[in-house]
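J.:
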Amino acid sequence: MNLTNAFHGSNGSLDELDFSILMLLQQDGRMSFTVMAEKLGVSISNIRTRVGKLIDDKTIQIVGRVNPEKVGFHAYAHIKISIRPANLIEHVAAKLMEFPEVSFLASTSGDFDLEVDVMCRDNSHLVQVVNERIAPIEGVYQTKTDMYFKVLKLAQPDLSGLR
8 MNLTNAFHGS NGSLDELDFS ILMLLQQDGR MSFTVMAEKL GVSISNIRTR VGKLIDDKTI
68 QIVGRVNPEK VGFHAYAHIK ISIRPANLIE HVAAKLMEFP EVSFLASTSG DFDLEVDVMC
128 RDNSHLVQVV NERIAPIEGV YQTKTDMYFK VLKLAQPDLS GLR
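As structure tokens, then:
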């Protein structure tokens, strides 16, 4: 690898070392700076500085990812939401962001304006979220809910293709 010690430029772009650090953290988010420095052939202080800047600029967030089933979430769903009038999309999105059950939220093109993934304790909880909490939000015109029977893969993007 041809790694530079200079941190990414003022335009915020990531360099090869940044991507290498990110890939190592994807493999093991608890990997020590010492191990990363050894693997990448750079100083520990360089790794510490880079990781700090990646956290500060919100490129990464170090969190523990739990297995939802192991902690009591057994009903997963993908909900498409149509909003009328369209000027209420941001209002509905802001309300949905407050829901602890929401794990993913995006504005979309096509027949629906928002798509949201939720994790619920069980089917009764899911019905309550959709019918008693999402449907009454001002602007929600229509919802379409698809259940996930089993999550087969949950992964972060593969960064190796970007370098």
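Be aware that the sequence shown starts at 8, since it is given in the working numbering, and climbs by one per residue.
Ideal Cβ placement from N, Cα and C applies to all residues, glycine included.
Check V109 in the structure and name its three-state DSSP category.
T.: As a working note, residue 109 is residue 102 in the sequence shown. It is a strand residue.
J.: Once the 5 residues before and after L121 are set aside, which same chain residues still bring their CB inside 8 Å of it?
T.: Here residue 121 refers to the residue found at position 114 when the sequence shown is read from its first residue. These residues qualify, in order along the chain: K87, I88, I90, I96, V99, A100, L103, L112, A113, S114 and T115.
J.: What residue range does the alpha helix (DSSP H) around K60 cover?
T.: Here the question's residue 60 lines up with position 53 in the sequence shown. First-last of the alpha helix (DSSP H) with K60: I51 to D63.
J.: Only counting the same chain, and skipping five residues up and downstream in sequence, which positions put a Cβ closer than 8 Å to that of M8?
T.: Here residue 8 is taken as the residue at index 1 of the sequence shown, counted from 1. Caution applies to M8, whose pLDDT of 41 falls short of 50 and renders its modelled position unreliable; the model cannot decide the point.
J.: Let me confirm a value: V73 is counted as buried when at least 16 other C-beta atoms fall within 10 Å, else exposed. Which label applies?
T.: In the sequence shown, residue 73 corresponds to position 66, counting from 1. Exposed: under 16 other Cβ atoms inside 10 Å.
J.: From E76 to M30, what does the alpha carbon distance come to, in whole angstroms?
T.: By 1-based counting over the sequence shown, the position of residue 76 is 69. By 1-based counting over the sequence shown, the position of residue 30 is 23. Straight-line Cα distance between these residues: approximately 26 Å.
J.: Within 10 angstroms of the Cβ of M126, are there 16 or more other Cβ atoms? Answer buried if so, exposed if not.
T.: Locating residue 126 in the sequence shown gives position 119, where the first residue counts as 1. The residue in question, M126, is buried, as its Cβ has 16 or more Cβ neighbours within 10 Å.
J.: Out of M38, V137, E105 and P92, state which residue places its alpha-carbon closest to the alpha-carbon of G146.
T.: Taking the sequence shown and counting its residues from 1, the one referred to as residue 146 is at position 139. G146 has its Cα closest to that of P92, out of M38, V137, E105 and P92.
J.: Using 10 angstroms around the beta-carbon of L159, count the other beta-carbons present and answer buried if the total reaches 16, otherwise exposed.
T.: Within the sequence shown, residue 159 is the residue found at index 152, counting from 1. By the 10 Å Cβ count, L159 comes out exposed.
J.: With 16 other CB atoms within 10 Å as the buried threshold, where does N53 fall?
T.: Within the sequence shown, the letter at position 46 stands for residue 53. N53 is buried by the Cβ-count criterion.
J.: Please state whether DSSP places H81 in a helix, a strand or coil.
T.: To locate residue 81, count along the sequence shown from 1; it is residue 74. If DSSP states are grouped into helix, strand and coil, H81 belongs with coil.
J.: Between the alpha carbons of Y83 and R140, how many angstroms are there, rounded?
T.: Start at 1 with the first residue of the sequence shown, and residue 83 comes out as number 76. Start at 1 with the first residue of the sequence shown, and residue 140 comes out as number 133. When rounded, the distance between both Cα atoms is 16 Å.
J.: Taking DSSP as the reference, what is the three-state secondary structure of N18?
T.: Locating residue 18 in the sequence shown gives position 11, where the first residue counts as 1. Here the model assigns N18 a pLDDT of 48, short of 50, so the residue's position is not dependable, and the following value carries that caveat. The answer is coil: DSSP assigns N18 none of H, G, I, E or B.
J.: So K46 is in the alpha helix (DSSP H); what residue range does that whole segment cover?
T.: Counting from one through the sequence shown, the residue named residue 46 turns up at place 39. F40 to L47 is the span of the alpha helix (DSSP H), which, as asked, contains K46.
J.: Using the three-state DSSP reduction, which class does Q34 fall into: helix, strand or coil?
T.: Working through the sequence shown from its first residue, we reach residue 34 at position 27. If DSSP states are grouped into helix, strand and coil, Q34 belongs with the helices.
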